[in-house]
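Enquirer: Those letters in the sequence shown? Residues 12 to 483, per the numbering used here, in order.
Ideal Cβ positions, reconstructed from N, Cα and C, are used throughout, including at glycine.
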Amino acid sequence: MKLYLYTILILILVMINHGSCDSTIRVGHRVSLAIPLEYNDGFIGRAFLMDYGDDTKQIEPSFRVALSTEANKGKYSCSLEVFLGDVKVWNSGHYSKFYTSDVCFLELTEDGDLQLKGPKNWIGWRTGTSGQGVERLQILRTGNLVLLDVLNQIKWQSFNFPTDVMLWGQRLDVSTWLTSFPRNTTSFYTFEILYNKVALYLNSGRLKYSYWEFKPSKNRNITFVELGSKGLELFDDKHKKMAQIIASWKVQPVRFLALGNRTGNLGIYFYSPTTRKFEASFQALNTTCDLPLACKPYGICTFSNSCSCIRLLTKKNHEVSDCNQGVPSRFCGGGTTQVEMLELNDVVTVLKDAPKRINVTKTTCANLCLNDCKCVAALHSYGDYGDPSSEQCSLFWLVAGIKQVEKGSGLSYMVKVPKGTSYHHNNPSVKKWVLIVVGVVDGLIIILVLGGLVYYLVHKRRNNLQGTNNDT
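Here you go:
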């Protein structure tokens, strides 16, 4: 109730200070947003300042601009945001949050600089457009938030600072990217525009691993990409479209492309007038197990799209540890005598582009990881037709993206564990033991499904017999 009343108060203050929403804010304008004195986890205060007001040309839903404050890790952040309906498509604090207290100000100064300020006029974010003749801030039909001068020339635009969303009509040049940040992890996702491809990456520390890519045919180079009405279009240096990622839905136009912060999947979305929601017309990855963080670290995505842990036993107490419990986050400083490589049977990782060695045996591959304290996993490939000269070894700094595969893949995935964790009663093989653990969840699901089917058939037969008896 307190949160509801506070939101109403914010809206009343904004209406008094600003009046009804417009598509323009001119120099000298200043808006304030009060921030709660006490921290309330989950609190979001939002004041909508502008919208695109040409109803004759705007496709539902419309773009709106808001000044927002949000509870985050014991503090309140303040940001300028652009919404398409209820979807946030741009945020000034996407990469670096501005934390403040008591109050947050949005001001377009007399000399043309758009600023977010806290108490005592402390500047937390700015466009840096002072002295460039800026006259007004405006939201365009495309959702591009722009600063314009008297000649309608753009001096600053949100399209030049992409976050995790790309809007219709927006262009991204080579060497630019979208970024999204999943919660409770230091890793993050990027969708990158490269000369020879567009690709999705999981970034961890100083390394990044690809998990999806799209390449133009004939090794043609990309100059820029643009989101059109039918999908993502790729252009060459002559501004000629040479390839396209086509969205499957052709009735409604594409509205935006987004990089999901939870899954890392890339989606292209349209607005459905029937459901009045945005729906995906294209997804880069259609299977759960192909997602880089489908399971927690040291988890395995099984054939049933569920997660199973790499369970380890210790020599000391024989207790089972789930996933990464009992596995140190770092192995540096302990020496190679304190660790060993545990081979997992019939699993691989969806992560690619790890540091690679060629003409390396599986034993050498394991030793390379053991001797590199930052390495936590290795993937060995036997190459074509068992040719030793084509054997490859990839070293990883994180254990993620593991999924179950059919037997005979020619791949061997190994993880680094403290020495002694693979000890078992009666000395069973590690391969067989791990395989049982990976398959246990799938086995339980199959048993439950079969059991339910048998129950259904028996129950149906009883009802039929009862119906026959009643008729006679």
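1. Have a look at Gly144, Trp101 and Val114 and flag the residue whose alpha-carbon is nearest the alpha-carbon of Thr120.
2. Going by the beta-carbon positions, is the gap between Tyr220 and Leu362 smaller than 8 Å?
3. What's the call for Val350, buried or exposed, on a 16-neighbour Cβ count within 10 Å?
4. Grab the span of the beta strand (DSSP E) containing Leu379 for me, first residue to last.
5. Do Met352 and Lys427 have their beta-carbon atoms positioned less than 8 Å apart in this structure?
6. So, with DSSP's three-state summary, where would you put Lys241?
7. Is the segment 253-267 in contact with the segment 225-245, if contact means three or more CB pairs nearer than 8 Å?
8. Among Ser103, Arg266, Asn370 and Arg217, which has the Cα closest to the Cα of Leu78?
9. Compare the beta carbon distance of Leu156 and Val93 with 8 Å and say whether it is the shorter of the two.
10. Is the number of C-beta pairs between the segment 119-138 and the segment 36-46 that are closer than 8 Å three or more?
11. Nearest to Thr197 by alpha carbon, out of Thr360, Asp383, Leu304 and Ile46?
12. Among residues of its own chain, excluding the 5 on either side of Phe54, which ones have a beta-carbon nearer than 6 Å to its beta-carbon?
13. At the level of alpha carbons, what is the spacing between Leu127 and Ile150?
14. On the DSSP bridge list, what partners appear for Asp184?
15. If you compare alpha carbons, which of His105, Glu237 and His391 is closest to Leu355?
16. Report the rounded CA-to-CA distance for Arg287 versus Cys380, giving the unit in angstroms.
17. Measuring CB atoms only, is the segment 364-381 touching the segment 157-169, in the sense that at least three cross pairs come out at less than 8 Å?
18. Beta-carbon separation of Asn276 and Gln294 under 8 Å?
19. Please give me, in chain order, every unbroken run of the beta strand (DSSP E) with length at least 3 that falls completely inside the segment 85-129.
20. Given this structure, state the Cα-to-Cα distance separating Asn207 from Lys226, to the nearest angstrom.
21. So, is Leu48 buried or exposed, given that buried needs 16 or more other C-beta atoms within 10 angstroms?
22. Out of curiosity, what's the CA-to-CA distance linking Asn195 and Lys307?
23. Tell me, to the nearest whole angstrom, how far the beta carbon of Trp179 is from that of Leu270; I am working on the premise that it is less than 8 Å.
24. Is the Cβ-Cβ distance between Ile204 and Ser191 less than 8 Å?
25. Ser107: buried (16+ other C-beta within 10 angstroms of its C-beta) or exposed?
26. Report the residue from Thr372, Asn230, Val236 and Trp408 whose alpha carbon sits nearest the alpha carbon of Asp184.
27. Just verifying my parser: in three-state terms, what is the DSSP assignment at Ser440?
28. Pull up the DSSP beta-bridge partners for Gln149, would you.
29. Let me check understanding here. Comparing Cα to Cα, which of Val371, Val410, Phe267 and Ser141 lies closest to Ser401?
30. Determine the contact status of Phe109 and Trp136, defining contact as a CB-CB distance below 8 Å.
31. Determine the extent of the beta strand (DSSP E) in which Ala365 is found, giving its start and end residues.
32. From Val265 to Asn132, what distance separates their C-alpha atoms?
33. Which partner residues of Met425 appear in the DSSP bridge assignment?
34. Here's the rule I'm using: 16 or more other beta-carbon atoms within 10 Å means buried, otherwise exposed. How should Ile311 be labelled?
35. Using a Cβ-Cβ cutoff of less than 6 Å, which residues in the same chain neighbour Ile36 once the five nearest sequence positions on both sides are dropped?
36. Taking Thr234 as the reference, which of Phe267, Arg182, Glu224 and Gly216 has the closest Cα?
Expert: Looking at the atomic coordinates:
1. Gly144
2. yes
3. buried
4. In this chain, Leu379 is not harboured by any beta strand (DSSP E); it is covered by the alpha helix (DSSP H) spanning Lys373 to Leu381.
5. Yes, the pair counts as a contact, with Cβ atoms nearer than the cut-off.
6. coil
7. Yes, they touch.
8. Ser103
9. yes
10. yes
11. Leu304
12. Ala82
13. If I take the Cα positions, the gap works out to 18 Å.
14. Phe235
15. His391
16. For Arg287 and Cys380, the distance between alpha carbons rounds to 52 Å.
17. no
18. yes
19. If we require 3 residues or more, the beta strand (DSSP E) runs fully inside the segment 85-129 come out as 86-95, 98-102, 109-111, 114-119 and 125-128.
20. 6 Å
21. exposed
22. 11 Å
23. No, Trp179 and Leu270 are not in contact; Cβ-Cβ is about 16 Å, not under 8 Å.
24. no
25. exposed
26. Val236
27. For Ser440, the predicted model reports a pLDDT of 34, less than 50, meaning its position is unreliable; a value from the coordinates is still stated below. It is coil, neither helix nor strand.
28. Thr35 and Val157
29. Val371
30. Less than 8 Å divides the Cβ of Phe109 from the Cβ of Trp136.
31. Counting along the chain, Ala365 falls outside any beta strand (DSSP E), and DSSP gives it neither H nor E.
32. 41 Å
33. Looking at the DSSP output, Met425 shares a beta bridge with Glu354 and Ala389.
34. buried
35. Leu119 and Leu148
36. Arg182
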